[in-house]
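Shown next, in structure tokens, is the structure this report addresses.
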Amino acid sequence: MNTQYWEATMEMNQVRYFLAVCEHRNFTHAANASNVSQPSLTTSIKKLEEELGGALFIRDRAGCRLTPLGKLIKPRLTKVLVETREAKAEAIRHARLERVPISIGIGETIGQNAISKAVEQFRTRLPQAEIELIIQPSELLFSGLRSGDFDIVITAENVSPALYRIDHLYRETYKVVVAHDHPLTQLDGISLADLAKVNMLDRPNCEMRDTLHETCADQGHTLYAAYRSNRVDWLIDLARQGWGAVILPITAIPADSSLVSLPIIGMEIERDVVALRYRHQVSRPETKELVKEISRNQFQSIL
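Next comes the structure, spelled out in structure tokens:
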């Protein structure tokens, strides 16, 4: 047998069997767990002891326990096994080109409808792509983009073009969302005066929140927030139960028969959603293609 092959194969078996005995504290149980006969496992442990120059286990009626030498080498052999498995997995993925990881940071207020459709179409053309979608506050998104944690950040925040490549994705309006049996559904559109008469479900992290409240104040209206949350899904559920009205960008409004969305009269609320890439980070071709895919779908996504 080739000596190099024997060392590479048998040494890892010795490591696995040694750690199995450590876990089960019994040679018979360790052999069963390792799918090997007890004589083979015992022989491998003896060879490992010969190579290391001393006994690794003390065997008695209760089973076995580690010698001082065994305690010394256990953490090292554990690390060897873990790193070997990780290296093998990475090598297989690389050899088969199984993955193209793309990490996307998404602002808390960005609706999923426009993004999810484009991502799925992108993966149809590039099935080996692995997409990571991370929802975070803006300050964490920008720091993550600069540190390389994200390939792309999708946001509605205004940023400096000196630091970021900015690709316009789509422009969207806001609508009032209420339960299908809410009194506001009797109207074709909702005025600020109408909003001032109902319980509002408020999003403190909404980019348009200050503009909305300032416009209402200028017209002599005050919006009352019965509930506040930075989670859109929570507010949608509250609206579905009839507890109030929530103002949402149209890409965040679910297709749900229990909800009705109505336009706001007398005030245009809209925003631009963009994709950001850090200028000091090399942008891979796959990342560029994903940005193009989202941009191509902007009109269909916001209908």
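Residue numbers are given in numbering that gives the first Met the number 0: position 169 of the sequence shown equals residue 168, and the series is strictly consecutive. For glycine and all other residues, C-beta sits at the position ideal for the given N, C-alpha and C.
Query                                                                                                                                                                                       : Result
With three or more C-beta pairs closer than 8 Å as the rule, is the stretch 233-249 touching the stretch 142-150?                                                                           : no
Indicate the three-state DSSP secondary structure (helix, strand or coil) for residue 205 in the structure shown.                                                                           : coil
Give every residue of the same chain whose Cβ lies closer than 8 Å to the Cβ of residue 37, excluding the five residues on either side of it in the sequence, and list them in chain order. : 26, 27 and 30
Assuming residue 15 is part of the alpha helix (DSSP H), what are its boundary residues?                                                                                                    : 2-23
Can you pull the DSSP bridge partners for residue 135?                                                                                                                                      : 106
Output the distance between the C-alpha atoms of residue 11 and residue 80, rounded to the nearest integer angstrom.                                                                        : 7 Å
Using a Cβ-Cβ cut-off of 8 Å, state whether residue 88 counts as contacting chain D.                                                                                                        : In summary, chain D is missing from the structure at hand, where a single protein chain is found.
Candidates 115, 196 and 251: which alpha carbon is nearest residue 221's?                                                                                                                   : 196
Can you give me the C-alpha to C-alpha distance between residue 292 and residue 167, rounded to a whole angstrom?                                                                           : 12 Å
Once you ignore the five residues that flank residue 144 on each side, which residues in its own chain have a CB closer than 7 Å to its CB?                                                 : 104, 152, 275 and 277
Roughly how far, in whole angstroms, is the beta-carbon of residue 154 from the beta-carbon of residue 137, given that I think they are within contact range, below 8 Å?                    : 6 Å
Whole beta strand (DSSP E) runs in the stretch 155-201 with 3 or more residues, listed along the chain?                                                                                     : 163-178 and 198-201
Residue 207 and residue 268 look like a contact to me (Cβ under 8 Å); what is the Cβ gap, rounded to whole Å?                                                                               : 5 Å
Around the Cβ of residue 279, are there at least 16 other Cβ atoms within 10 angstroms (buried) or fewer (exposed)?                                                                         : exposed
Which class does residue 127 belong to by DSSP, given the choice of helix, strand or coil?                                                                                                  : coil
Assuming residue 248 is part of the beta strand (DSSP E), what are its boundary residues?                                                                                                   : 245-248
Could you tell me whether the Cβ atoms of residue 256 and residue 178 are closer together than 8 Å?                                                                                         : no
By a C-beta neighbour count over all protein chains shown, 10 Å radius and 16 as the cutoff for buried, is residue 240 buried or exposed?                                                   : exposed
Where does residue 3 land, buried or exposed, given buried means 16+ other C-beta within 10 angstroms?                                                                                      : Since pLDDT at residue 3 reaches only 42, below the 50 mark, its modelled position is unreliable, and the value read off the structure follows with that caveat. Exposed.
Report yes or no: do the stretch 121-137 and the stretch 81-91 share at least 3 C-beta pairs separated by less than 8 Å?                                                                    : no
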